[in-house]
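S.K.: For the protein sequence lines, the chains are A and B, in the order given. Note that numbering that gives the first Met the number 0 has the first sequence beginning at 0, numbered continuously upward. Note that numbering that gives the first Met the number 0 has the second sequence beginning at 0, numbered continuously upward. This is the structure I want to talk about, given as structure tokens.
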Amino acid sequence: MSDSLPIKAGSLGHRSGSLKRRHLAAQLFKAMCIAFTLFAVSVLGFLIFQVGSDGLPWLDWQFLSNFPSRFPDKAGVKSALYGTLWVVSLTTLIALPIGVLAAIYLEDYAPASRLTRVIEINIANLAGVPSIVYGILGLAIFVRFLGLERSVLAGAMTMSLLILPVIIISSKEAISAVPSSIRLAAYAVGATQWQVVRSHVLPAALPGILTGIILALSRAIGETAPLIMIGALTYVAFIPAGPMDEFTALPIQIFNWASRPQAEFHELAAAGIIVLLVVLLTMNALAVLIRYKGTQK
Amino acid sequence: MNTSENAILEARDVTIRYGGKAAVKGVNLSIYEKKITAIIGPSGCGKSTLLRSLNRMNDFIDHVTQEGEILYRNTNLYGEGVDPVEVRLHMGMVFQRPNPFPKSIFRNVAWGPTINGLPGDINLRVERALKQAALWNEVKDRLEDSALNLSGGQQQRLCIARALAMEPEVILMDEPCSALDPVSTARIEDLLFELKQNYTIVIVTHNMQQASRVSDYTAFMDSGILIEYGDTDQVFTRPKQKRTEDYVTGRFG
Chain A
0 MSDSLPIKAG SLGHRSGSLK RRHLAAQLFK AMCIAFTLFA VSVLGFLIFQ VGSDGLPWLD
60 WQFLSNFPSR FPDKAGVKSA LYGTLWVVSL TTLIALPIGV LAAIYLEDYA PASRLTRVIE
120 INIANLAGVP SIVYGILGLA IFVRFLGLER SVLAGAMTMS LLILPVIIIS SKEAISAVPS
180 SIRLAAYAVG ATQWQVVRSH VLPAALPGIL TGIILALSRA IGETAPLIMI GALTYVAFIP
240 AGPMDEFTAL PIQIFNWASR PQAEFHELAA AGIIVLLVVL LTMNALAVLI RYKGTQK
Chain B
0 MNTSENAILE ARDVTIRYGG KAAVKGVNLS IYEKKITAII GPSGCGKSTL LRSLNRMNDF
60 IDHVTQEGEI LYRNTNLYGE GVDPVEVRLH MGMVFQRPNP FPKSIFRNVA WGPTINGLPG
120 DINLRVERAL KQAALWNEVK DRLEDSALNL SGGQQQRLCI ARALAMEPEV ILMDEPCSAL
180 DPVSTARIED LLFELKQNYT IVIVTHNMQQ ASRVSDYTAF MDSGILIEYG DTDQVFTRPK
240 QKRTEDYVTG RFG
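Rendered as structure tokens:
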């Protein structure tokens, strides 16, 4: 409601004592919501300002195209940026089909049994497992057991494990939000289950599924712990040429610079954060664009 | 009327349970070819459940079990080896609320025939179905518009066209007018008379005036039991059962 019109409680002769109190409580709650929102936004604004003022002066083409160096003037994020892009691309290739297909299975195919419920609850639990645990798992299975060494592939597979629960849960939600009346309508004209899923369920759920995937990938981009755990390097003077090459990633590079004593490296870390943020925002913008295109049809 | 010679569908001792609870109890019912059969009864009497059993839509509800036979031209639809997808090619369905696909008007009608590979020109088929559903004149210039932009009554006629495009033999309608205004309802009732010439129609309805207006036969159900079944005139003017009389005269329900 608009608050431009002053409300006079009791003008209709109602005994207005409690009504006044209730209006006051409503105003108070609104003020509280505004205050907390402002607080959150200003913290974020301060962080961005801090990072920007430290890092922006360092941000130039050389920073993007140079490999790391022990001289701050020559140091750049090329290998880390490429490493991150490699890991994210491979992670998408691995996690996207598995996650979406698992969600379709759980939502549309799996019988409503106790086993299905146990699986669903455990997937939700997995989404809350600390990322370092996935790092240990990746180290044991991918790096050691499968002998993938410290490769981009091992990193991407570990990241895939980490974000699969998130992708499955958000895809499942998007799929279950497709009205059952649409499914029934499709069955009623003689469709098979696959035809119903392909022509009606997936297209309707696609925007929601994509949003979930992008959010999950955004999480993967910022993760450091699992990559350190599987032995991603901190100093890499080459860019990976294939999935079996060694690599580093932006968060690792940032952590490495931030932990050095020299102030210049701290500013380099800030510049690295800006690069990371730009990559992340680009991905989010992509998600918004795809969503927009999806809803237009 | 109890000669089952021109019965296209016959329910024999059909009992349908949700979990342990029986929603339909031992129903025997014959549906006659190119007639309109109305199923009436109070909410929760099992009429929609019975209707959905005719094109195996109850298959999608968990924990539903069914006994008895549904004979379609003497083949049990629940017999071994019967493909429910094939069943639905013979029995079209129109639902309680209009449920067009969130796609273009054309795609709504064309999708079923396309995925089933029905012969002939698809444009002609869509046009024919839309004409039969008395919607063609309103949409012919905007077939590529989203079906969701149509009014509720138009959407329901689109859903009827979608069913007609499959050229089924039987059309099952589950309270097709309950979400519509009186004008749209009247249009759909007019439509039913037209469709009767080519199709067998089974309509579940809450609306007794509607049942008496449009149907040739009326089945009255209560608590899962088929109480009375006969000529619509007879059921509404000379009911044999006390409960039918109470219901059609508005004493309960």
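For every residue, glycine included, the Cβ atom is placed at its ideal position computed from N, Cα and C.
Give every residue of the same chain whose Cβ lies closer than 8 angstroms to the Cβ of ASN1(B), excluding the five residues on either side of it in the sequence, and list them in chain order.
M.R.: Position 2 of the second sequence, counting from 1, holds the residue named residue 1(B). Bear in mind that a pLDDT of 48 at ASN1(B), under 50, signals an unreliable position, so the number given afterwards is only what the model happens to contain. Excluding residues within five positions, the ones whose Cβ falls inside 8 angstroms are SER29.
S.K.: In the DSSP output, what is ASP173(B) paired with across the bridge?
M.R.: For the purposes of this step, residue 173(B) is taken as residue 174 along the second sequence, with counting starting at 1. Beta-bridge pairing links ASP173(B) to VAL203(B).
S.K.: Taking C-beta pairs closer than 9 angstroms, name the residues in chain A that PHE94(B) reaches, listed in chain order.
M.R.: Within the second sequence, the letter at position 95 stands for residue 94(B). Residues of chain A passing the Cβ test: SER180, LEU183, ALA184 and ALA187.
S.K.: From the DSSP secondary-structure annotation, give me the bridge partner or partners of MET92(B).
M.R.: Within the second sequence, numbered from 1, the residue matching residue 92(B) stands at position 93. According to DSSP, which records beta bridges pairwise, MET92(B) is partnered with LEU171(B).
S.K.: Excluding five sequence neighbours on each side, which residues of the same chain lie with their C-beta closer than 7 angstroms to the C-beta of LEU267(A)?
M.R.: Within the first sequence, residue 267(A) is the residue found at index 268, counting from 1. Same-chain partners within the cutoff: TRP57, PRO71, ALA74 and TRP256.
S.K.: For TRP193(A), is the classification buried or exposed, using 16 other Cβ atoms within 10 angstroms of its Cβ as the cut-off for buried?
M.R.: Residue 193(A) sits at position 194 when you count from the first residue of the first sequence. So TRP193(A) counts as exposed.
S.K.: Please classify ASN122(B) as buried or exposed, where buried requires at least 16 other C-beta atoms within 10 Å of its C-beta.
M.R.: Stepping through the second sequence from its first residue, residue 122(B) is reached at position 123. The residue in question, ASN122(B), is exposed, as its Cβ has fewer than 16 Cβ neighbours within 10 Å.
S.K.: Determine the closest residue to ILE213(A) out of THR91(A), LEU46(A), GLN49(A) and VAL40(A), with distance taken between C-alpha atoms.
M.R.: Working through the first sequence from its first residue, we reach residue 213(A) at position 214. Checked all of THR91(A), LEU46(A), GLN49(A) and VAL40(A); the closest Cα to ILE213(A) is THR91(A).
S.K.: When you check each C-beta in the segment 60-74 of chain B against every C-beta of chain A, which residues fall closer than 7 angstroms?
M.R.: ASP61
S.K.: I want to verify the contact list: residues of chain B whose CB lies under 8 angstroms from the CB of GLN261(A), in sequence order.
M.R.: The residue labelled residue 261(A) in the question sits at position 262 within the first sequence. Here the premise fails: no neighbours, minimum Cβ distance about 58 angstroms.
S.K.: Roughly how many angstroms separate the alpha carbons of ASN54(B) and LEU194(B), rounded to a whole number?
M.R.: Residue 54(B) sits at position 55 when you count from the first residue of the second sequence. Residue 194(B) sits at position 195 when you count from the first residue of the second sequence. Spanning the two alpha carbons is a distance of roughly 19 angstroms.
S.K.: So for GLN61(A), helix, strand or coil by DSSP?
M.R.: Within the first sequence, residue 61(A) is the residue found at index 62, counting from 1. Correct three-state label for GLN61(A): helix.
S.K.: With a cut-off of 8 angstroms, does the C-beta of ARG87(B) fall near any C-beta of chain A?
M.R.: Along the second sequence, one-based indexing puts residue 87(B) at 88. At least one C-beta of chain A is nearer than 8 angstroms to the C-beta of ARG87(B).
S.K.: Helix, strand or coil for VAL177(A) per DSSP?
M.R.: Walking along the first sequence from the start, residue 177(A) turns up at place 178. In the structure shown, VAL177(A) sits in coil (DSSP, three-state: anything other than H, G, I, E or B).
S.K.: Which partner residues does LYS324(B) have in the DSSP bridge list?
M.R.: As shown, chain B starts at 0 and ends at 252. That puts residue 324(B) outside it, with no answer to give.
S.K.: Closer than 8 angstroms by C-beta to GLY271(A): which residues in its own chain qualify, once you throw out the five before and the five after it? Chain order, please.
M.R.: The residue given as residue 271(A) occupies position 272 in the first sequence. GLY54, VAL76, ALA79, LEU249, GLN252, ILE253 and TRP256.
S.K.: So for ASN5(B), helix, strand or coil by DSSP?
M.R.: Sequence index remark: in the second sequence, residue 5(B) carries index 6 (1-based). Correct three-state label for ASN5(B): coil.
S.K.: If the criterion is Cβ atoms closer than 8 angstroms, does the pair PRO225(A) and GLY82(A) meet it?
M.R.: Along the first sequence, one-based indexing puts residue 225(A) at 226. Along the first sequence, one-based indexing puts residue 82(A) at 83. No, the pair does not count as a contact, with Cβ atoms beyond the cut-off.
S.K.: Would ILE159(B) and ALA178(B) be called neighbours here (beta carbons separated by less than 8 angstroms)?
M.R.: Locating residue 159(B) in the second sequence gives position 160, counting from the first residue. Locating residue 178(B) in the second sequence gives position 179, counting from the first residue. It is not a contact, given that the beta carbons lie outside the stated cut-off.
S.K.: Does any residue of chain B bring its CB to less than 8 angstroms from the CB of ALA176(A)?
M.R.: Counting from one through the first sequence, the residue named residue 176(A) turns up at place 177. Judged by the 8 angstroms Cβ criterion, ALA176(A) is not in contact with chain B.
S.K.: Within 10 angstroms of its Cβ, does LEU205(A) collect 16 or more other Cβ (buried), or is it exposed?
M.R.: Working through the first sequence from its first residue, we reach residue 205(A) at position 206. Buried: at least 16 other Cβ atoms inside 10 Å.
S.K.: Short check: CB of ASP173(B) to CB of SER52(B), under 8 angstroms?
M.R.: By one-based count along the second sequence, residue 173(B) stands at place 174. By one-based count along the second sequence, residue 52(B) stands at place 53. Not closer than 8 angstroms, so no.
S.K.: Could you round the C-beta distance between VAL235(A) and GLU245(A) to whole angstroms and report it? I think they count as a contact, below 8 angstroms.
M.R.: Here residue 235(A) refers to the residue found at position 236 when the first sequence is read from its first residue. Here residue 245(A) refers to the residue found at position 246 when the first sequence is read from its first residue. Contact flag correct, Cβ pair sits at about 7 angstroms.
S.K.: Within 10 Å of its beta-carbon, does HIS22(A) have 16 or more other beta-carbons around it, so buried, or fewer, so exposed?
M.R.: On the first sequence, position 23 is the one that residue 22(A) refers to. Flag for HIS22(A) reads exposed.
S.K.: Taking the alpha carbon of VAL203(B) as the point to measure from, which residue in THR36(B), ARG16(B) and ALA10(B) has its own alpha carbon closest?
M.R.: As a working mapping, residue 203(B) is identified with position 204 in the second sequence. The shortest Cα separation from VAL203(B) among THR36(B), ARG16(B) and ALA10(B) belongs to THR36(B).
S.K.: Quick check: is the beta carbon of THR191(A) nearer than 8 angstroms to any beta carbon in chain B?
M.R.: If you number the first sequence from 1, residue 191(A) lands on position 192. With 8 angstroms as the cut-off, THR191(A) counts as an interface residue toward chain B.
S.K.: Residues of chain B with CB closer than 9 angstroms to the CB of THR173(A), please, in chain order.
M.R.: Along the first sequence, one-based indexing puts residue 173(A) at 174. Per the sequence shown, residue 173(A) should be read as Ala rather than Thr. What ALA173(A) touches in chain B: nothing, since even the nearest Cβ is about 14 angstroms away.
S.K.: Does TRP110(B) come within less than 8 angstroms of chain C when only Cβ atoms are used?
M.R.: The question asks about chain C, but that chain is absent: this structure's protein chains are A and B.
S.K.: Apply the 10 Å Cβ neighbour rule to TRP110(B) and answer buried if 16 or more other Cβ atoms are within range, or exposed otherwise.
M.R.: As a working note, residue 110(B) is residue 111 in the second sequence. Answer is buried; the Cβ neighbour count reaches 16.
S.K.: What does the Cβ neighbour count give for TRP60(A), buried or exposed, with the cut at 16 atoms within 10 Å?
M.R.: As a position in the first sequence, residue 60(A) is number 61, starting the count at 1. It is exposed - the Cβ of TRP60(A) has fewer than 16 other Cβ atoms within 10 Å.
S.K.: Alpha carbon to alpha carbon, what distance is there between PRO238(B) and ILE60(B)?
M.R.: The sequence position of residue 60(B) within the second sequence is 61, counting from 1. The sequence position of residue 238(B) within the second sequence is 239, counting from 1. The straight-line gap from Cα to Cα measures roughly 34 angstroms.
S.K.: Tell me the rounded alpha-carbon separation between VAL277(A) and PHE66(A).
M.R.: Here the question's residue 277(A) lines up with position 278 in the first sequence. Here the question's residue 66(A) lines up with position 67 in the first sequence. VAL277(A) and PHE66(A): Cα-Cα distance of roughly 19 angstroms.
S.K.: Between the segment 6-17 of chain B and the segment 62-77 of chain B, are three or more C-beta pairs nearer than 8 angstroms?
M.R.: yes
S.K.: Mark VAL196(A) as exposed unless 16 or more other C-beta atoms lie within 10 angstroms of its C-beta, in which case mark it buried.
M.R.: Translated into the one-based positions of the first sequence, residue 196(A) becomes position 197. Buried is the call here.
S.K.: Using 8 angstroms as the threshold, is the C-beta distance between LEU49(B) and VAL26(B) below it?
M.R.: Reading the second sequence from its first residue, position 50 is the one you call residue 49(B). Reading the second sequence from its first residue, position 27 is the one you call residue 26(B). In this structure, VAL26(B) lies closer than 8 angstroms to LEU49(B) by Cβ.
S.K.: LEU45(B): which of VAL108(B), LYS241(B) and LEU225(B) sits nearest, CA to CA?
M.R.: The sequence position of residue 45(B) within the second sequence is 46, counting from 1. A small correction: the amino acid at residue 45(B) is Gly; Leu does not occupy that position in the sequence shown. The shortest Cα separation from GLY45(B) among VAL108(B), LYS241(B) and LEU225(B) belongs to LEU225(B).
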